[in-house]
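Step one of this worksheet: look at the structure below.
In my numbering, the protein residues as written are 1247 to 1490.
Dropping the structure here:
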């Protein structure tokens, strides 16, 4: 009859073989996360963040007057924010169904950003002097082609630049605002994060069952290793023999 140690050794060996690759990916991901600058991952060093300051010389309508001039129903307004869109002060009004831009000086509704306006905005946002390689309009229908923009406001413009960082600037067309920038460092970080938490769909679910299962298997592997060490250690056996 085979001893319990035999089965523990077998379990430890095959578990180690099965989850060894995932262990290695966890370690590689941890090394990358701890040794990289998160601001560079986010691409902050590549961005000229818009100046939100309001000039005191601007003659602006009050929010209530602007909403009435735009012929909106005040009761349908969920939130209102004063911001700057392409050197123009606007009220960014969120309703139950959409986001509307109202010219803060005239009260007229500003249309969503066009392709050319989004391109001009992106050039101001992106610090390096680089040419635009492509522009794409993102909606729910083609969002899967831009996984790196998940969770962002739609619709939006994706403006790619001819730059060593392979950066893409995302501009919300309705809000008229800069949303995100993604570069090759972020894509590597995002890939390692995906395999680290083992969520291969949304990449943000830390409670998925695959991760839980591998965590239990990993703990079992470690505990079986400790058990084997305890059972096979000559020092421990000598201590036991002395006690006898």
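C-beta atoms are modelled at their ideal positions from N, C-alpha and C, and glycine is treated no differently.
* Buried/exposed call for residue 1467, threshold 16 Cβ in 10 Å -> For residue 1467, the number of other beta carbons within 10 angstroms of its own is at least 16, and it is reported as buried.
* Asked: Hey, residue 1424 and residue 1296 are a contact pair by Cβ (cut 8 Å); roughly how many whole angstroms apart?
  -> With 8 Å as the limit, residue 1424 and residue 1296 qualify as a contact, their Cβ atoms being about 6 Å apart.
* residue 1475 classed as buried or exposed, judged by whether at least 16 other C-beta atoms fall within 10 angstroms -> Counting Cβ neighbours within 10 Å, residue 1475 comes out exposed, since fewer than 16 surround it.
* Of the residues 1375, 1374, 1363, the one placed nearest residue 1381, counting alpha carbons only -> For residue 1381, the closest alpha carbon among the candidates 1375, 1374, 1363 is that of 1363.
* Asked: Where do the N-terminal and C-terminal ends of the alpha helix (DSSP H) with residue 1286 fall, by residue?
  -> Where residue 1286 is concerned, the enclosing alpha helix (DSSP H) stretches over 1284-1288.
* Asked: To which residues of the same chain is residue 1454 closer than 7 Å at the C-beta, ignoring the five residues directly before and after it?
  -> Apart from sequence neighbours up to five positions away, the residues of its chain that approach residue 1454 with a beta-carbon distance below 7 Å are 1444, 1445, ordered along the chain.
* Three or more C-beta pairs below 8 Å linking the region 1334-1349 and the region 1316-1324 -> Segment contact: the region 1334-1349 against the region 1316-1324, three or more CB-CB distances shorter than 8 Å; contact assigned.
* **Buried versus exposed, by CB contacts within 10 Å (16 or more), residue 1428** => When all chains shown are included, residue 1428 counts as buried.
* To do: Specify, as a first and last residue, the run of the alpha helix (DSSP H) that residue 1441 falls within.
  => For residue 1441, the uninterrupted alpha helix (DSSP H) segment begins and ends at 1430-1443.
* **Residue interval of the beta strand (DSSP E) (run including residue 1324)** => Residue 1324 -> beta strand (DSSP E) spans 1323-1331.
* To do: Locate the beta strand (DSSP E) running through residue 1407, then write down its first and last residues.
  => Here the beta strand (DSSP E) through residue 1407 covers 1402-1407.
* To do: Kindly give me the distance between the Cβ atoms of residue 1416 and residue 1395, rounded to whole angstroms, as I take these residues to be in contact under 8 Å.
  => With 8 Å as the limit, residue 1416 and residue 1395 qualify as a contact, their Cβ atoms being about 5 Å apart.
* To do: Using alpha carbons as the reference points, say which of 1287, 1432, 1308 lies closest to residue 1328.
  => The option with the nearest alpha carbon to residue 1328 is 1308.
* **Local conformation of residue 1263 per DSSP, three classes** => Residue state, collapsed to three classes: helix.
* **Close-in-space but distant-in-sequence residues of the same chain around residue 1356 (CB under 8 Å, 5 per side omitted)** => Counting only Cβ-Cβ distances below 8 Å, and skipping sequence neighbours, we find 1331, 1334, 1336, 1347, 1348, 1349, 1422.
* Whose C-beta lies closer than 7 Å to the C-beta of residue 1305 among residues of the same chain, with five residues either side of it excluded? -> When the five nearest sequence neighbours on each side are left out, the beta carbons in the same chain lying within less than 7 Å of the beta carbon of residue 1305 are those of 1351, in order along the chain.
* Asked: Buried or exposed: which applies to residue 1419, given that a residue is buried once 16 or more other Cβ atoms fall within 10 Å of its Cβ?
  -> Buried.
* 8 Å contact criterion, which residue 1289 and residue 1432 should meet: CB distance rounded -> About 6 Å separates the Cβ atoms of residue 1289 and residue 1432, confirming a contact at the 8 Å cut-off.
* Identify the residues that DSSP records as bridge partners of residue 1393: which are they? -> Paired residue(s): none; residue 1393 is not in a bridge.
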